[in-house]
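The numbering of the sequence shown is our numbering, which starts it at 369 and goes up by one.
The C-beta atom is built at its ideal place from N, Cα and C for all residues, glycine as well.
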Amino acid sequence: MSVLVVGATGATGRLLVEQLLDQGETVKIIVRSTRSLPEQLINHDRLTIEEASLLEMTDEELEAQVHGCHAVASCLGHNLSLRGIFGHPRRLVTDSVKRLCKAIGKDAPAMPVKFVLMNTTGNRNKQEGEQVTLKHKIVVSMLRHLLPPHADNEDAAAFLQSHYAASDNIIEWAAVRPDGLIDEKAITPYDVFVSPIRDPIFDSGKTSRINVAGFMAKLIVDDEVWRKWRGKMPVIYNA
Ligand SMILES: NC(=O)c1ccc[n+]([C@@H]2O[C@H](COP(=O)([O-])OP(=O)(O)OC[C@H]3O[C@@H](n4cnc5c(N)ncnc54)[C@H](OP(=O)(O)O)[C@@H]3O)[C@@H](O)[C@H]2O)c1
369 MSVLVVGATG ATGRLLVEQL LDQGETVKII VRSTRSLPEQ LINHDRLTIE EASLLEMTDE
429 ELEAQVHGCH AVASCLGHNL SLRGIFGHPR RLVTDSVKRL CKAIGKDAPA MPVKFVLMNT
489 TGNRNKQEGE QVTLKHKIVV SMLRHLLPPH ADNEDAAAFL QSHYAASDNI IEWAAVRPDG
549 LIDEKAITPY DVFVSPIRDP IFDSGKTSRI NVAGFMAKLI VDDEVWRKWR GKMPVIYNA
């Protein structure tokens, strides 16, 4: 299976790439720079690296990247700096998802391509009727206006949800929602739910990035897991 991963230099994206390679998959990544990647990853014989800024690539270049891919995974996120949060591109995740989906559509794959988006429990899935308290609503509405990355994460998932049915002919998708991210060295037991079981702002839980990567890899390689979660926004917490 061939998988394109974007956001592969990130704390979660890198773990996803490693897990896919460990499971025998062929992986392509688009990264702005390889500087932060370990040598053994850069030299891996099943890894292809395109050094480019995703949103500056032409449609044709993106089409070439998605060509032949069975799955595309995004672990993109705004860097936690003033420039990353308030500078351009403000819609990094949404615009990347849209452009990758457009490229997949142009490529007209014989089988639907799996699109796995790393998202956040801060994003409500209204189609599941997820309710929140008034104080949560007030805080999220402030975040939406004050912090561009939050609205970007919401819009990216909304784009997939509104454009592609759970069993679309071209793109099937899942938006994985971790709670507060932490770093651990190995995969540990985790639980996956259709909707959050705790308030992500006032009672947030923990999700280790390696578990997020493990679950995203499972969605990609395990068709039974995929059939269960496609068209959904699974919420993942460390057990
Ligand atoms: N923090 C939390 O508790 C939490 C909880 C739930 C969900 N999330 C979400 O999880 C996602 C990923 O988290 P993470 O910690 O793994 O992310 P991260 O380590 O910050 O990685 C972000 C990735 O996005 C890339 N990126 C940033 N700006 C870019 C640009 N302008 N063009 C191209 N690539 C760009 C980075 O590439 P470079 O290396 O080139 O900068 C990096 O590969 C984010 O969307 C975040 O909102 C976070």
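- Message: Please tell me whether residue 522 and residue 563 are closer than 8 angstroms, where the distance is taken between their beta carbons.
- Response: no
- Under three-state DSSP, which class holds residue 570? Residue 570 falls in the coil class under three-state DSSP.
- Pairwise C-alpha distance: residue 397 and residue 388: For residue 388 and residue 397, the gap between their C-alpha atoms comes out near 12 angstroms.
- Residues that residue 439 bridges to, as DSSP identifies them: 371 and 482
- Any idea what DSSP makes of residue 416, helix, strand or coil? strand
- Message: Buried or exposed for residue 598, going by 16 or more other Cβ atoms inside 10 Å?
- Response: buried
- Check each candidate in 423, 419, 491 and 435 and name the one with the smallest Cα separation from residue 601. When each option's Cα is compared against that of residue 601, the closest is 491.
- Message: So, for residue 551: in the same chain, excluding its five sequence neighbours on each side, which residues have a beta-carbon less than 8 angstroms away from its beta-carbon?
- Response: Answer for residue 551: 379, 576, 577 and 578, listed in chain order.
- Query: Would you call residue 518 buried or exposed, if buried means 16 or more other Cβ atoms sit within 10 Å of its Cβ?
  - Reply: buried
- Query: DSSP puts residue 552 in a beta bridge; with which residues?
  - Reply: The partner list for residue 552 (beta bridge, DSSP) is empty, contrary to what the question assumes.
- Task: Evaluate residue 499 with the Cβ neighbour count: other Cβ atoms within 10 Å of its Cβ, from every protein chain shown; 16 or more gives buried, anything less gives exposed.
- Result: exposed
- Task: Compute the Euclidean distance between the alpha carbons of residue 372 and residue 472, then round it to the nearest angstrom.
- Result: 11 angstroms
- Taking the CB atoms as reference points, tell me whether residue 422 and residue 385 lie closer together than 8 angstroms. no
- Message: For residue 452, which residues in the same chain have their Cβ closer than 7 angstroms to its Cβ, ignoring the five residues on either side in sequence?
- Response: 446
- Query: Is the beta carbon of residue 443 within less than 7 angstroms of some heavy atom of ligand 1?
  - Reply: yes
- Output the distance between the C-alpha atoms of residue 458 and residue 436, rounded to the nearest integer angstrom. 30 angstroms
- Query: Who are the near neighbours of residue 594 in its chain, counting only those whose CB is closer than 7 angstroms to its CB and skipping five residues on each side?
  - Reply: 482 and 587
- Task: Output the distance between the C-alpha atoms of residue 469 and residue 450, rounded to the nearest integer angstrom.
- Result: 29 angstroms
- Alpha carbon to alpha carbon, what distance is there between residue 487 and residue 419? 24 angstroms
- Can you grab the Cα-Cα spacing for the pair residue 493 / residue 429, in whole Å? 33 angstroms
- Query: In angstroms, rounded to a whole number, what distance separates the CA positions of residue 433 and residue 535?
  - Reply: 23 angstroms
- Query: Should residue 577 be counted as a contact of ligand 1 given a C-beta to heavy atom distance under 7 angstroms?
  - Reply: Checking every heavy atom of ligand 1 against the Cβ of residue 577, one is found closer than 7 angstroms.
- Test item: CB-CB of residue 605 and residue 573 under 8 angstroms: yes
- Message: For residue 448 and residue 464, which I take to be in contact (beta-carbon distance under 8 angstroms), what is that distance rounded to the nearest angstrom?
- Response: Going by Cβ atoms, the distance from residue 448 to residue 464 rounds to 18 angstroms, so no, they are not a contact pair.
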